[in-house]
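Residues are numbered in this note's numbering as their position in the sequence shown, beginning at 1, plus a constant of 726. Just so you know, even glycine gets a beta-carbon here, dropped at the ideal spot from N, CA and C. Remember, predicted model here, so these are calculated numbers, not experimental data. First the structure, in the form of structure tokens, and then the observations on it.
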Amino acid sequence: MKKIRCLLVDDEPLAISLLQNHIRQLDFLEVATTCPNALKAVEVLKNTTIDLLFLDIRMPAISGIDFLKTLHHPPKVILTTAYREYALEGYDLDIVDYLLKPITFERFFKAVERYLRTHELPSSASEILPDSICIKSGSKNIRLQTDNILYIESLKDYVKIVTTGETLQAKYRISDLETELTPKGFLRIHRSFIVNPQKVTAFTANDVEIGKTELPIGESYKATVMKLLKGC
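As structure tokens, then:
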């Protein structure tokens with residue numbers, strides 16, 4: 727099974743180590759090698775097939791952006807840096823994403839998803855990414871299969887995510903999860919609720935039922951909810 731080969735270029739050993747740990751959690755990625763600066767990366771790119779380049783911006787001798795400008799046929803690139811001001815210039819170079827240090831697994835995972843959307847997925851990736859989301863809950867990064875999510879409830883600064891096997895709370899705005907889950911078929915029915923339509927067992931003009939749980943439909947959502955649920 728072909729894996730996505732990654733090159734990590736950063737002069738900070740701790741930054742390299744963090745990326746390596748993130749990559750180990752996704753079995754369709756592998757670290758081809760690492761480099762402490764862009765000059766060494768030139769030789770790697772000449773002699774090694776690289777699919778995805780994680781490139782730090784501020785490095786000795788030559789910056790990541792200046793290095794990227796010298797490449798005629800670069801691999802896809804995710805820039806990493808502690809400095810926000812480089813973001814716009816990075817996107818002008820057609821990068822995949824821009825990660826601000828310290829890089830959380832959740833943010834790393836989203837960058838990898840963005841890369842995969844424009845590439846043929848390895849079979850192991852296709853089993854993980856399209857049907858899952860990564861949620862940070864406390865100190866843990868939890869991958870949830872979207873098929874197992876019943877509904878999400880907003881609790882001010884937190885959300886409650888109810889699945890077939892567990893209930894967890896995480897510090898998110900419900901609108902952020904709506905953005906991520908709507909393309910996966912989820913439905914906002916109320917300012918406080920998002921549901922998985924495939925788990926709805928009954929509904930009226932005023933509420934939906936998921937098993938024994940009854941959830942209200944907001945007035946401004948009714949027309950859309952009725953149209954979509956009747957089409958399920």
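Inter-residue spacing [alpha-carbon to alpha-carbon] between residue i and residue j
| i | j | result |
| --- | --- | --- |
| S863 | Q895 | 7 Å |
| K762 | T939 | Going by the sequence as given, residue 762 is Pro instead of Lys. The straight-line gap from Cα to Cα measures roughly 54 Å. |
| N932 | R899 | 24 Å |
| K766 | L745 | 18 Å |
| N747 | I861 | 17 Å |
| I915 | D736 | 45 Å |
| K802 | S865 | 30 Å |
| E832 | N867 | 7 Å |
| T930 | I887 | 23 Å |
| S679 | L734 | A query on residue 679 cannot be resolved here, the shown segment of the chain reaching from 727 to 958 and no further. |
| Y877 | M785 | 45 Å |
| T806 | V934 | 44 Å |
| K772 | P800 | 11 Å |
Nearest-angstrom Cβ-Cβ length linking residue i and residue j, presumed shorter than 8 Å
| i | j | result |
| --- | --- | --- |
| V768 | C732 | That pair is no contact at about 17 Å. |
| T950 | K910 | So it is not a contact: roughly 17 Å between Cβ atoms. |
| I804 | D777 | Contact flag wrong, Cβ pair sits at about 11 Å. |
| L781 | G790 | 4 Å |
| L794 | I859 | In fact, because the Cβ distance is near 30 Å, the residues do not count as touching under 8 Å. |
| I829 | Y809 | Wrong, their Cβ atoms sit about 13 Å apart, outside the cutoff. |
Three-state secondary structure (DSSP) of residue i
| i | result |
| --- | --- |
| P800 | coil |
| T872 | helix |
| L842 | helix |
| E892 | coil |
| Y809 | coil |
| K910 | helix |
| A974 | Beyond the ends of the chain as shown, which are 727 and 958, falls residue 974; an answer cannot be given. |
| K886 | strand |
CB of residue i within 8 Å of CB of residue j, strictly
| i | j | result |
| --- | --- | --- |
| L825 | A837 | yes |
| F919 | E892 | no |
| T889 | L870 | yes |
Limits of the alpha helix (DSSP H) - the one that residue i falls within
| i | result |
| --- | --- |
| D902 | 900 to 907 |
| Q746 | 739 to 750 |
Residue i, enclosing beta strand (DSSP E) - first and last residue
| i | result |
| --- | --- |
| E756 | 755 to 761 |
| T950 | It is not in any beta strand (DSSP E) - T950 instead sits in the alpha helix (DSSP H) that spans 948 to 956. |
| V768 | Segment 764 to 773 is the alpha helix (DSSP H) holding V768; no beta strand (DSSP E) there. |
| P942 | 939 to 942 |
| I920 | 919 to 921 |
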